[in-house]
Amino acid sequence: MTPAEFRTVAHAAVDLMAEYLERLPAGPVFTPFPPELARAFAAEPAPTAGTPAGEVLADFEGRVAPYPFGNGHPRFYGWVNSPPHPFGIVAEALAATMNPSVAGGNHAAVHVEHQVIRWFAELAGWGPGGTGLTVSGGSDATLTALAVARQRAMARVDSDVRAHGLTGNLLSVYIGPDTHTCARKAVELLGLGSDAIRVVAADAERRILPEALRAAIAEDRAAGVVPMAAVATVGTANTGAVDPVDAIVDVCQEAGVWSHVDGAYGGVAALLLDGYPEARAGMARADSIALDPHKWLGAPVDVGLVLLRDAGAARDCFSLVPPYLRTDGDQGGVAGPVWFSEFGFDQTRPFRALKVWLLLKHLGLDGYRARLAHDLAMADRLADAVAAAPDLELLARGLSVVCFRVRPVPGLEPDPHNDAVLRAVQLGGRAFVSGTAVDGASALRACVINGATEDDIDALVDAVRITSRLLKEQR
Ligand SMILES: *Cc1c(COP(=O)(O)O)cnc(C)c1O
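The working numbering puts the sequence shown at residues 298 to 772.
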């Protein structure tokens, strides 16, 4: 492409993006991908000859853009998926324009990423000595942190896990009933086996009980198991519950167990807002923290972030540079600071930090504070509306997550009716919630991280109530 051709195509693409964003709120929140189109995609061979960029854009516009996931729409409340901030979309294009590998080196992207990591470490109340890096998401952040935790736990039994594996040692990892499945996946991938998972007892709000954690660690230790790590969550994906992080970190430090905080969804609320002093105090002392700017901070997917308190331990876990060849950076030269690839699994790494950097500069911490506070107020509005509706029942509420259901109706099984309402609401296009179970009951679950207005919240409540009434009438 010549520069002139690039300009033409890029301008056309920007127009397409702007129209997409403009049209989005008026359309249905979700439209399933049509089966005939799916069949056409499945049958289409790889193109042998090229096609002019304008025609390819038209294909995107006709067959891809009309069928989004749904996030981006102001009435999308499913899972934990925010709309992209428009400036984040611009950031993605700028990052791709430079297209560096941020494995390391002495180029700007490396320094942008260090700055972003330092900003979050400072927000978390960490002093110097720590490290961190951007990763693909909360799952990757948790895997990275638990890998370092495994290294440390094995070092304590005088074994080098990188060289010798687990050498028959049994390790254990402590989680709560609603800890994200990424912790279990990480434990399995790290070779501990899911038998290593201990689900610690929780209170009525599904928060880990620190005393139960203490007892579980003692029991394992007495049985010859090596307690490796505990995962405390700030905002579970299921109900938004916030574990007593500071108390959990106390138990961990007392027992020499790694404390990891999963703040993928709610960590930023605890760090930016005033309402979560216990969690914030715990995060300030934890061994590692996972945060997901692609959740509540509205950075386009993907960007997660892992903070690791002990930079040396992280480097020992991932570096393949032998200690006698390691350097601590080459500030004026080509090599630059110690390479990110010594602190994580990936070698070629994208310039993910740019979108976080541009958005933080554009919105400021105060801008984010206002956005998060707004979403929490809208979740309050939803919870109040549910509580006030005679036909709805509030089941759980944490951070900006609201779980509720249609009140059981005589003659209708509650769970199947709720499931039917969920599906009809999702396909109805007026609002989108995901489903979950709270204490065994089938529930609708809304996570407000999208800047919804009062009208958007009211539209959700209306959609659920009207759908339920229609389904009842059809019986
Ligand atoms: C989303 C989420 C994760 C997983 O993060 P990904 O970015 O999806 O890999 C982990 N924990 C919580 C609480 C989450 O909300």
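The beta-carbon is built from N, C-alpha and C at its ideal position, and this holds for glycine as well.
Is the distance from the Cβ of residue i to the Cβ of residue j below 8 Å?
i: F327; j: F729; result: yes
i: R402; j: A632; result: According to the sequence provided, residue 402 is Gly. The question's Arg does not apply to it. Taking 8 Å as the Cβ cut-off, G402 and A632 qualify as a contacting pair.
i: S585; j: V600; result: no
i: G595; j: S379; result: yes
i: D559; j: G375; result: no
i: F615; j: F640; result: yes
i: I472; j: P507; result: no
i: W555; j: R453; result: no
i: L334; j: P383; result: no
i: V523; j: L486; result: no
i: M525; j: R447; result: yes
What residues in its chain sit with their C-beta under 7 Å from that of residue i, if we drop five residues either side in the sequence?
i: A400; result: W636, F637, S638, Q644, T645 and R646
i: R723; result: In the sequence on display, residue 723 carries Gln and not Arg. Answer for Q723: F327 and F729, listed in chain order.
i: A721; result: T764 and L768
i: D625; result: V635
Among the options, which one has its Cα closest to the Cα of residue i?
i: R704; options: A680, G385, L679 and R762; result: R762
i: G367; options: G402, P322, E333 and A343; result: P322
i: G422; options: A587, T345, A578 and R720; result: A578
i: Q412; options: G429, N396, S398 and P397; result: G429
i: A674; options: V523, E690, S697 and H659; result: S697
i: A408; options: L741, A650 and V683; result: Position check: residue 408 holds His in this sequence, whereas Ala was assumed. With distances taken between Cα atoms, H408 lies closest to A650.
i: N535; options: R320, G737 and P329; result: G737
i: H671; options: L741, E751 and E710; result: E751
i: G324; options: F330, P342, P371 and A499; result: P371
i: H308; options: V542, H714, T478 and V387; result: V387
i: V377; options: D753, A743 and A749; result: A743
i: P329; options: E358, P344, Y364 and A340; result: Y364
i: R511; options: D492, G553 and E485; result: G553
i: H404; options: V445, G630 and G708; result: G630
Against chain B, with Cβ distances strictly below 8 Å, would residue i count as a contact?
i: A674; result: Judged by its chain identifiers, the structure shown contains no chain B, having just a single protein chain.
Report the rounded CA-to-CA distance for residue i versus residue j, giving the unit in angstroms.
i: I505; j: D540; result: 6 Å
i: A337; j: D356; result: 13 Å
i: P300; j: I746; result: 39 Å
i: R304; j: D455; result: 60 Å
i: Q771; j: S765; result: 10 Å
i: N313; j: A483; result: The sequence shown places Leu at residue 313, rather than the Asn named in the question. Rounded to whole angstroms, L313 to A483 spans 39 Å at the Cα level.
i: L588; j: A561; result: 4 Å
i: L691; j: A680; result: 7 Å
i: P620; j: G609; result: 11 Å
i: R481; j: R694; result: 24 Å
i: L440; j: A760; result: 39 Å
i: E551; j: L660; result: 40 Å
i: G537; j: C549; result: 23 Å
i: V497; j: A392; result: 42 Å
i: R320; j: V311; result: 14 Å
i: A509; j: S739; result: 28 Å
i: A685; j: V758; result: 11 Å
i: A418; j: T431; result: 12 Å
i: A519; j: T464; result: 19 Å
i: T394; j: L655; result: 15 Å
i: V653; j: I414; result: 10 Å
i: A527; j: E410; result: 28 Å
i: G490; j: A438; result: 19 Å
i: H477; j: A529; result: 10 Å
i: A581; j: L622; result: 33 Å
i: P713; j: L689; result: 15 Å
i: G424; j: L605; result: 12 Å
i: P707; j: P687; result: 14 Å
Which same chain residues, not among the five before or five after residue i, have their C-beta less than 6 Å away from its C-beta?
i: A567; result: V531, Y573, A576 and R577
i: A442; result: H557, S585 and V603
i: H591; result: V598, D599 and V600
i: A406; result: P397, V399 and F648
i: V735; result: L692, A693 and C700
i: A583; result: V546, S556 and V558
i: D543; result: E575, A578 and G579
i: D716; result: S739
i: L719; result: G732 and L741
i: V361; result: none
With a CB to CB cut of under 8 Å and the five nearest residues on each side skipped, what residues in its chain are close to residue i?
i: A350; result: M298, E302 and V306
i: W416; result: L657
i: L569; result: L420, L662, Y665, R666 and L669
i: G462; result: G488
i: R503; result: G473, P474, D475, T533, N535, T536, A538 and A693
i: A756; result: R372, R727 and A728
i: R495; result: S469, V470, Y471, I472, A513 and D517
i: V618; result: E639
Any chance the CB of residue i is under 7 Å from a heavy atom of ligand 3?
i: G609; result: For the structure depicted, ligand 3 is absent and the ligand set comprises only ligand 1.
Minimum length 3: unbroken beta strand (DSSP E) runs contained in the region 462 to 528 | 468 to 472 and 494 to 496
Whole beta strand (DSSP E) runs in the region 343 to 426 with 3 or more residues, listed along the chain?
-> 367 to 370
Alpha helix (DSSP H) runs contained entirely in the region 631 to 717, provided each spans 4 or more residues = 650 to 685
What runs of the alpha helix (DSSP H), each 4 residues or longer, lie entirely inside the region 573 to 607?
-> 574 to 582
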